[in-house]
Structures are given as structure tokens and as C-alpha cells.
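Using the working numbering, the first residue of the sequence shown is number 8, and each one after it goes up by one.
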Amino acid sequence: MKWLEQVFEGILWKSRFVVMLAVVASLLAGFAIFYIATVDVFFLIKHVAHYADPDLTNEIRKTLHDDTVSHVVEVVDGYLLATIMLIFSLGLYELFISDIDAAQGSKASSRVLVIHDLDDLKNRLAKVIVMIMIVSLFEHALKMKMTDPQDLLTFGGSIALIGLALFLMHRGEHHPASAQHAEPHHGEPHPVQHSAEHQPHSPTGKS
């Protein structure tokens, strides 16, 4: 039965290569979104070329300005989404298939491919997703018509929530590192075990 166990475990271990389907599909989806966003930029530039037309009225020029800013935000949103697909594809490959040999020694790999487990991958994706949500909110804010004080209050509350989310994300990145290097407070016993062997304690609790 030992050989059967070895065969089954070999098949089970090689089954991880099914992740290649998700890797390739995510990569192709990222390329497609990059292409769409780049084509949008091309037509956006052609559209903006008419902005200096002296025949345009102030109202038409204002509309063209607002539409251009909105399209730029959409392009940024598209590039961020394509980046998510690229990070997801690279992360899955490194986690389930193999390290990327071509990335070894590259300075860019230390900023993109530092993914040790699924939690690292989820954290990287979560950051980009939050940025997409912020850009999407900005896009809707440009088109938002504020007709009463409640609309302004709602818009201000959404900005406050975004600031809170960014603060919590930034705090979560640095909190574990700071906790590891935290020093004990004055008057508290030092956690070093061998201190009792070299420093006798006085009855008052001070060394």
C-alpha cells in the first residue's frame, strides 16, 4: 500500500498545476484591460485636441473639461484593475508553481514579487482594490449634482470614511513591526531570562 500512497500523493501534488489556468487567464485579462485603457487614452487625446478651438463657447468648453477629467479617472481605474490582475497572476504562479527565475536579482521583483503566502497576496490585492474604490468614488463625485445640504453631508462623510480606511491600512502595515521592537516600560520586569543570574533583586523591586 506504500506505493499506492506515493502515487496518490504525487498526483495530488501535481494537481497544483491546475492553477496555471487561473494564472494565464488573469494575465490575459490584465493585458486586455491595459489595451482598453490605452485605447481610451488615445481617443481622449484626440478629444482634448479640440479644447483650444476658438469657436467653442465657454459652456461647451466647460463640458469638454468635465468630460475629459471624468475619462482620465476612468483610465486610471482601468490601469489599476489591470494591475490587480497582473499581481494576482504573478502571485498565484509563485505560490503554487515555482519562483520566477527571471526575476531573481531584479530590483523591481523586491517591490512586486514579495509574496510569501496567501495573506501577502490578499494584502497586496486589497490595497489596489481600495485604490480602485477611491478612484471610482472620485469619478462619481465629478458627476454628482449637489442640490441640498444632505448631498454635501453625504459626500463629506464618504471622504471621511476613505480617510479612515487609508489610516487603518497604513496603521496595520506598521503595527506588527513596531510591536516587535517595543521596549518594556520603566519599572516593569525585563523579559530577558538571564538577568536574574547576573543582577540580584533588592527587596524594594529596584535593581
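Cβ coordinates follow ideal geometry from the N, Cα and C atoms, glycine included.
### Query
What do you get for residue 86, buried or exposed, if any count of 16 or more other CB atoms within 10 angstroms of its CB means buried?
buried
### Task
Please name the residue, chosen from 147, 49, 130, that lies closest to residue 220 on a Cα-to-Cα basis.
This structure cannot speak to residue 220, because the chain is shown only from 8 to 214.
### Query
Within 10 angstroms of its Cβ, does residue 163 collect 16 or more other Cβ (buried), or is it exposed?
exposed
### Task
Tell me, to the nearest whole angstrom, how far the beta carbon of residue 26 is from that of residue 94; I am working on the premise that it is less than 8 Å.
Not confirmed; about 15 Å, so no contact.
### Message
Rounding to the nearest angstrom, what Cα-Cα distance links residue 192 and residue 158 in this structure?
### Response
At residue 192, the pLDDT of 48 sits below 50, so the modelled position is not reliable and the matter cannot be decided from this model.
### Task
Run the CB neighbour count on residue 4, radius 10 Å, all protein chains shown included, and call it buried at 16 or more, exposed below.
The first residue shown for the chain is 8 and the last is 214, placing residue 4 beyond what the model contains.
### Task
Could you tell me whether the segment 50-60 touches the segment 73-81, where touching means 3 or more Cβ pairs closer than 8 Å?
yes
#### Entry: Assigned secondary structure, residue 151 (DSSP; H/G/I helix, E/B strand, else coil)
coil
### Query
What's the gap between the Cα of residue 171 and the Cα of residue 178?
10 Å
### Task
Assign residue 12 to buried or exposed, taking buried as 16 or more other Cβ atoms, counted over all protein chains shown, within 10 Å of its Cβ.
exposed
### Task
For residue 224, I'd like the list of residues in its chain whose CB is within less than 6 Å of its CB, leaving aside the five on either flank, ordered along the chain.
Here the chain has residues from 8 to 214 only, and residue 224 is not among them.
### Query
From residue 153 to residue 39, what distance separates their C-alpha atoms?
36 Å
### Message
Checking 8 Å against the spacing of the C-beta atoms, do residue 137 and residue 92 come in under that value?
### Response
no
### Query
Alpha carbon to alpha carbon, what distance is there between residue 71 and residue 102?
46 Å
### Message
Using the three-state DSSP reduction, which class does residue 63 fall into: helix, strand or coil?
### Response
coil
### Message
Please classify residue 37 as buried or exposed, where buried requires at least 16 neighbouring CB atoms within 10 angstroms.
### Response
buried
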